[in-house]
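Enquirer: Letter 81 of the sequence shown, counting from 1, is numbered 180 in the working numbering, and no numbers are missing.
The structure is given below, and queries will be raised subsequently.
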Amino acid sequence: MVITTSQGPLESLFNLYLYAAVIINIIVIGALVYAIFRFKHKPGAKEPADAPKAGVIPPVRGSARIGLILTAVLFLLFIPISIGTKDTVNFIEKPPAEESLIVNVVGQQYSWTFIYPNGVKTVNELIVPANKVVVLKVTSSDVFHNFYVPDFKIMADAIPQKTNVIWFKAVRTGSYKAHCNEICGVGHTFMKASVTVKDPQDFEKWYAGGV
């Protein structure tokens, strides 16, 4: 289910890492299983001439060609991963050039405070309009925290005296869960918040002091 416009690139990058991990896992496990059965010791069989012996430097084993091929395969595999990661990080860190709502997010043991441009403050509830870019400037007033909204696929470290920026544009109204994703003390488990996405008209009424 698509909730924000920023989900696509993030999920695509995740799938890219997943496919790469599956491919590498198949190759490694396949080679391991092959080696187990191919080189299994058989009763009465003699050791190969190049078998390691105590106190003797073993001869060179293996194939340089195979090593070069594997290196090339891994290099080609990690090129798209590196490019995809760079592009996605740039996408996350640079909000779109369009009108946006900027909200300061302050983490503290053990709650979240959201401060809007008009001075309105909410605790443990972020209220935003649908179909509008929302830029979050995340920091902390005490220890390290991490603001994480699983359904939006976004998170940002909340670090004292430092501001990290993330953004999203929700396309579906509703209430979504947020929590601290960094162990920050004995009350870490209870450091939760909600993200409420309202219709633009309903948000404007709330923002202006209505219900």
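We treat Cβ as the ideally placed atom computed from N, Cα and C, and that holds for glycine.
Computed from a predicted model, the values in this text were never measured in an experiment.
Is threonine 295 near the ligand NAP, with its Cβ less than 7 Å from a heavy atom?
Expert: Of ligands this structure carries none, so the ligand NAP is not represented either.
Enquirer: Since glutamine 208 is in the beta strand (DSSP E), which residue starts that stretch and which ends it?
Expert: For the purposes of this step, residue 208 is taken as residue 109 along the sequence shown, with counting starting at 1. Segment: none, glutamine 208 is in no beta strand (DSSP E) and carries neither H nor E.
Enquirer: Which same chain residues end up closer than 8 Å to tyrosine 116 when comparing Cβ atoms and leaving out the 5 residues on each side of it in sequence?
Expert: Here residue 116 is taken as the residue at index 17 of the sequence shown, counted from 1. Here the set comprises Ile180.
Enquirer: Short check: CB of valine 264 to CB of lysine 236, under 8 Å?
Expert: One-based indexing of the sequence shown puts residue 264 at position 165. One-based indexing of the sequence shown puts residue 236 at position 137. Going by C-beta atoms, valine 264 is nearer than 8 Å to lysine 236.
Enquirer: By alpha-carbon positions, which one of Asn189, Pro158, Gln208, Ile128 ends up nearest to isoleucine 282?
Expert: Counting from one through the sequence shown, the residue named residue 282 turns up at place 183. That would be Gln208, whose Cα lies nearest to the Cα of isoleucine 282.
Enquirer: Look at the alpha carbon of threonine 355 and the alpha carbon of histidine 287, and state the distance between them as a whole number of angstroms.
Expert: Because the chain is modelled from 100 through 310, residue 355 falls outside the range shown and cannot be assessed.
Enquirer: Would you mind sorting isoleucine 135 into buried or exposed? The rule is 16 or more other CB atoms within 10 Å of its CB.
Expert: Within the sequence shown, numbered from 1, the residue matching residue 135 stands at position 36. That one is exposed.
Enquirer: Kindly indicate the opening and closing residues of the alpha helix (DSSP H) around tyrosine 133.
Expert: For this step, residue 133 is matched to residue 34 along the sequence shown. Counting along the chain, the alpha helix (DSSP H) containing tyrosine 133 begins and ends at 106 to 137.
Enquirer: Check for me: the beta strand (DSSP E) holding alanine 257 runs from which residue to which?
Expert: Translated into positions along the sequence shown, residue 257 becomes position 158. That run of the beta strand (DSSP E) goes 253 to 257.
Enquirer: Just how far apart, CA to CA, sit threonine 221 and valine 172?
Expert: Residue numbering aside, residue 221 sits at position 122 when the sequence shown is read from its first letter. Residue numbering aside, residue 172 sits at position 73 when the sequence shown is read from its first letter. Each residue's Cα considered, the two are about 52 Å apart.
Enquirer: On a CA-only basis, which of Thr170, Phe190, Phe243 is nearest serine 111? Give me that one, please.
Expert: Numbered from its first residue, the sequence shown carries residue 111 at position 12. Looking only at Thr170, Phe190, Phe243, the smallest Cα-Cα distance to serine 111 is reached by Phe190.
Enquirer: Run the CB neighbour count on histidine 244, radius 10 Å, all protein chains shown included, and call it buried at 16 or more, exposed below.
Expert: Working through the sequence shown from its first residue, we reach residue 244 at position 145. Classification of histidine 244: buried, given that the 10 Å Cβ count is 16 or more.
Enquirer: Nearest to glutamate 198 by CA position, among Val205, Ile214, Ala229, Val219, is which residue?
Expert: For the purposes of this step, residue 198 is taken as residue 99 along the sequence shown, with counting starting at 1. Looking at the Cα atoms, Ala229 is the closest of the given residues.
Enquirer: Got a sec? Which residues, its chain only, sit under 6 Å from glycine 183 by beta carbon, not counting five neighbours each side?
Expert: Position 84 of the sequence shown, counted from the start, is the residue given in the question as residue 183. So the list reads Leu112, Leu115, once near-sequence residues are dropped.
Enquirer: On the three-state DSSP scale, how would you describe proline 158?
Expert: The residue you call residue 158 lines up with position 59 of the sequence shown. It is coil, neither helix nor strand.
Enquirer: When the Cα of valine 242 is compared with those of Lys252, Cys279, Asp250, which residue comes out closest?
Expert: Translated into the one-based positions of the sequence shown, residue 242 becomes position 143. Measuring from the Cα of valine 242, the nearest candidate turns out to be Cys279.
Enquirer: For threonine 170, count neighbouring C-beta atoms within 10 Å of its own C-beta (all shown protein chains included) and say buried if the count is 16 or more, exposed if not.
Expert: To locate residue 170, count along the sequence shown from 1; it is residue 71. Threonine 170 is exposed by the Cβ-count criterion.
Enquirer: Would you identify the three-state DSSP class for histidine 287, choosing helix, strand or coil?
Expert: Counting from 1 along the sequence shown, the entry for residue 287 is found at position 188. DSSP places histidine 287 in helix when its eight states are reduced to three.
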